[in-house]
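Read the structure below first, then the notes.
There are 2 protein chains.
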Amino acid sequence: MTRPTFVRARRPEHKQQRREAILDAARRLALESGVRNVTLGGVAADVGLAKSNVVRYFGTREEIYLELLTEAGHDWHDAVVGRLRQTTRPGDVVTVLAETLADRPLFCDLLGQLSQHLEHNVSLTAARAFKETALQLAGGLGQAIAQAHPGLTDDEAVELTHLAAWLAGCLYAASRPSPAVAELYQQEPRLAALCPPFLPTLHRALAALAAGLPTLRDRSA
Amino acid sequence: MTRPTFVRARRPEHKQQRREAILDAARRLALESGVRNVTLGGVAADVGLAKSNVVRYFGTREEIYLELLTEAGHDWHDAVVGRLRQTTRPGDVVTVLAETLADRPLFCDLLGQLSQHLEHNVSLTAARAFKETALQLAGGLGQAIAQAHPGLTDDEAVELTHLAAWLAGCLYAASRPSPAVAELYQQEPRLAALCPPFLPTLHRALAALAAGLPTLRDRSA
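Below is the structure:
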């Protein structure tokens, strides 16, 4: 199997092309086999570079995926804000959040990997860039959600956004059983009740949270 | 450094002792460095056995931790049921769930590892034993919660139990920043708003869910 052989990129546009090629490969491999199964060596081989060359662009495997998570976060933000502009019923907020997450399996996979893996083995610079973006996107989403759902304050809307992201990450993993567990569910359908279907489970949890968060205000007053 | 050297266990009580020694080592190492950082080789070295000897008792590293999760699940179930017996106010249910989880860091760590790691690389037999226990414990917790909180049906109480376990798993990881992220939070305290404190975040989410789940009944009727 022949792979394109790269020479060292010297011009800025070539460096940018190479960065994009690395991100494309990491994205494609993660969609094929799940983020957790992709190694830096696998990305390097896919893009036709030596590992030592890939780390000139991204210091570690985790930094590549933190960059893809940032990109996917912007994409999710824009999709939610876009759909909420056309929304008139407050209840649609939950549907928009749940459906836009269900439409983005790579984003959900990355969210599930974030605290345990992607934030480890990264530089302070990469961590800072990621957290700045996360704070800004959560704030933007909170504003858009509070505007579309007058029953929620800005703070509650930001809280709902964070909970949506955490739940999407863990439900993504929980809704995709391992081979052994999938075989078990086939043999014992009554145990399959433990496997949460992603979209309905997330939708119901977010609907409950959106209804429940405002009821907590008086207690803390 | 000398380690106890074991000869092959032949009598049932010796086999049981050896199983317990392996579980003890895996538990202690996970509490020290986090479940994700413990290897089968590390457990074997700690207990003074060869890896090939450990796998006579547990087929894989993941089966050891699935066994510890089962044990921790029983312990959580008993603690919740015990505390709920002395409870008179429905709102206490959420406090009991959140506090008993916060008191059990190893359980929360294991819950966060479950779908992505512990259910992979296990035998069908180990997966079945674990899922049977999970179904039974969730049912028992659901009953105890619904009895203490008359505003929740049995099904809603089981749902709350599952959501508590998923949230505990992801909040445990999210509330413990990596070294790079911890350094960043120290440099930029405003970014630390992204780090959820475990107990208050879990308590508030569960309180919102307990208040919100019953409001969804009419919509689906």
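Protein sequences appear in the order of chains Z and B.
Heads up: the first sequence begins at 221 in the numbering used here, then just goes up one per residue.
Heads up: the second sequence begins at 221 in the numbering used here, then just goes up one per residue.
The C-beta atom is built at its ideal place from N, Cα and C for all residues, glycine as well.
All values derive from a computational prediction rather than experimental measurement.
Does the beta-carbon distance from Tyr277 of chain B to Arg239 of chain B come in below 8 Å? In the second sequence, the residue the question calls residue 277 of chain B occupies position 57. In the second sequence, the residue the question calls residue 239 of chain B occupies position 19. Result yes, Cβ atoms of Tyr277 of chain B and Arg239 of chain B sit closer than 8 Å.
Residues near Pro434 of chain Z in its chain [Cβ-Cβ closer than 7 Å; skip 5 each side]: Along the first sequence, one-based indexing puts residue 434 of chain Z at 214. Counting only Cβ-Cβ distances below 7 Å, and skipping sequence neighbours, we find Gly371, Leu372, Glu376.
Is Leu422 of chain B close to chain Z? Criterion is C-beta to C-beta, closer than 8 Å. The sequence position of residue 422 of chain B within the second sequence is 202, counting from 1. Leu422 of chain B has a beta carbon lying at 8 Å or more from every beta carbon in chain Z.
Using a Cβ-Cβ distance under 8 Å, would Leu286 of chain B count as near chain Z? Your numbering for residue 286 of chain B matches position 66 in the second sequence. By this cut-off, Leu286 of chain B is not an interface position.
When burial is assigned at 16 or more other CB atoms within 10 Å of the CB, is Leu455 of chain Z buried or exposed? Outside the displayed span of chain Z (221 to 441) sits residue 455 of chain Z, for which this structure offers no information.
For Leu251 of chain B, count neighbouring C-beta atoms within 10 Å of its own C-beta (all shown protein chains included) and say buried if the count is 16 or more, exposed if not. As a working mapping, residue 251 of chain B is identified with position 31 in the second sequence. Counting Cβ neighbours within 10 Å, Leu251 of chain B comes out exposed, since fewer than 16 surround it.
Near-chain C residues of the segment 318-339 of chain B (beta-carbon distance less than 7 Å), N- to C-terminal order: Looking at the structure shown, chain C is missing, and the protein chains on hand are Z and B.
Of all the options B:Glu233, B:Pro399, B:Thr421, which has the alpha carbon lying nearest to the alpha carbon of Leu346 of chain Z? Taking the first residue of the first sequence as 1, we reach residue 346 of chain Z at position 126. First, the amino acid is wrong: residue 346 of chain Z is Ala here, not Leu. Out of B:Glu233, B:Pro399, B:Thr421, B:Pro399 has the C-alpha closest to the C-alpha of Ala346 of chain Z.
Nearest residue (CA-CA) to Glu408 of chain Z, options B:Ala412, B:Cys328, B:Arg348: Taking the first residue of the first sequence as 1, we reach residue 408 of chain Z at position 188. Put simply, of B:Ala412, B:Cys328, B:Arg348 the residue whose alpha carbon is nearest the alpha carbon of Glu408 of chain Z is B:Arg348.
Would you mind reading off the limits of the alpha helix (DSSP H) that contains Val378 of chain B? The residue given as residue 378 of chain B occupies position 158 in the second sequence. Run containing Val378 of chain B: 374-394, per the alpha helix (DSSP H) assignment.
Would you say Trp296 of chain B reaches chain Z, if we count a Cβ-Cβ gap shorter than 8 Å as a contact? Residue 296 of chain B sits at position 76 when you count from the first residue of the second sequence. So, not an interface residue.
Any C-beta of chain B under 8 Å from that of Leu251 of chain Z: Stepping through the first sequence from its first residue, residue 251 of chain Z is reached at position 31. Leu251 of chain Z does not count as touching chain B.
When you compare the segment 426-433 of chain Z with the segment 416-436 of chain B, are there three or more beta-carbon pairs, one atom per stretch, that lie closer than 8 Å? Yes, since at least three Cβ pairs between the segment 426-433 of chain Z and the segment 416-436 of chain B fall closer than 8 Å, the two stretches touch.
With a threshold of 8 Å between beta-carbons, can Ser272 of chain B be considered close to chain Z, or not? Sequence index remark: in the second sequence, residue 272 of chain B carries index 52 (1-based). Judged by the 8 Å Cβ criterion, Ser272 of chain B is not in contact with chain Z.
Are the beta-carbon atoms of Pro416 of chain B and Ala394 of chain B separated by less than 8 Å? For the purposes of this step, residue 416 of chain B is taken as the residue at position 196 of the second sequence. For the purposes of this step, residue 394 of chain B is taken as the residue at position 174 of the second sequence. In this structure, Ala394 of chain B lies closer than 8 Å to Pro416 of chain B by Cβ.
Using 8 Å as the limit for Cβ to Cβ distance, is Arg281 of chain B near chain Z? As a working note, residue 281 of chain B is residue 61 in the second sequence. Not an interface residue.
Three-state secondary structure assigned by DSSP to Ala278 of chain B: On the second sequence, residue 278 of chain B is found 58 positions in, with the first residue counted as 1. The displayed chain sequence assigns Phe, not Ala, to residue 278 of chain B. The answer is coil: DSSP assigns Phe278 of chain B none of H, G, I, E or B.
Using a Cβ-Cβ cut-off of less than 8 Å, list which residues of the segment 347-375 of chain Z approach chain B; keep chain order. Of all residues in the segment 347-375 of chain Z, those with a C-beta nearer than 8 Å to a C-beta of chain B are Ala347, Arg348, Lys351, Glu352, Ala354, Leu355, Ala358, reading in chain order.
Can you tell me the Cα-Cα spacing of Val452 of chain Z and Gln356 of chain Z, whole angstroms? Nothing can be reported for residue 452 of chain Z: it is not among the residues displayed for chain Z, which extend from 221 to 441.
Does the segment 275-293 of chain B come within contact of the segment 304-312 of chain B, defined as at least 3 CB pairs closer than 8 Å? no
Local Cβ density within 10 Å of Arg234 of chain B, reported as buried at 16 or more and exposed below that: Residue mapping note: residue 234 of chain B aligns to position 14 of the second sequence, counting from 1. The amino acid at residue 234 of chain B is misidentified as Arg; the sequence shows His. Result: exposed.
Quick check on Asn273 of chain B: does DSSP put it in helix, strand or coil? Within the second sequence, numbered from 1, the residue matching residue 273 of chain B stands at position 53. Residue state, collapsed to three classes: helix.
Taking 6 Å as the limit between beta carbons, can you name the residues of its chain near Gln333 of chain B, skipping five residues before and five after? Here residue 333 of chain B refers to the residue found at position 113 when the second sequence is read from its first residue. These residues qualify, in order along the chain: Val255.
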